[in-house]
Amino acid sequence: MIFHYLKRKKVSRTKFFVAFYTRLGLIVDFLSHAAIVGFMGGAATVVCLQQLKSILGLRHFTHNSDVVSVMRSLFTQTHEWRWESAVLGCCFIFFLMVTKYIVRHT
1 MIFHYLKRKK VSRTKFFVAF YTRLGLIVDF LSHAAIVGFM GGAATVVCLQ QLKSILGLRH
61 FTHNSDVVSV MRSLFTQTHE WRWESAVLGC CFIFFLMVTK YIVRHT
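The numbering of the sequence shown is full-length UniProt numbering, which starts it at 1 and goes up by one.
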């Protein structure tokens, strides 16, 4: 029904979806702060765990994104860990933290 309206009014689907999703930010105003912090914390945890593949230099890693599968895949493949990748990854993380500290205190 909506798409028939879009065809009649010559509005592209892309414009419709952009307008729709930009209005979804309004919903966040009605969510509690604890819910938003919990969601962002969970998303950050999943992203960090998925980045361990690159930091440790693993070739074979799980395609699942849940915490248990990622941790199981991580600790069952300790023989594939590359210390060079781990050191380089930790150096970059340290560099990012130092630059963040410097920017905040200047």
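For every residue, glycine included, the Cβ atom is placed at its ideal position computed from N, Cα and C.
{"Query": "Any contact of the segment 49–58 with the segment 69–81, i.e. 3+ C-beta pairs under 8 Å?", "Result": "yes"}
{"Query": "Are at least three pairs of beta-carbons, each pair with one atom in the segment 18–30 and one in the segment 55–66, less than 8 Å apart?", "Result": "no"}
{"Query": "What does the Cβ neighbour count give for T99, buried or exposed, with the cut at 16 atoms within 10 Å?", "Result": "exposed"}
{"Query": "Looking only at its chain, what residues have a beta carbon closer than 6 Å to the beta carbon of N64, apart from the 5 residues adjacent to it on each side?", "Result": "none"}
{"Query": "Can you tell me which of I36, D66, A34 and F39 puts its alpha carbon nearest to the alpha carbon of L49?", "Result": "D66"}
{"Query": "What three-state label does DSSP hand G57 in the structure shown?", "Result": "coil"}
{"Query": "In the DSSP assignment, find the alpha helix (DSSP H) that holds T62 and state where it starts and stops.", "Result": "Counting along the chain, T62 falls outside any alpha helix (DSSP H), and DSSP gives it neither H nor E."}
{"Query": "What did DSSP end up calling S73 once you bin it into helix, strand or coil?", "Result": "helix"}
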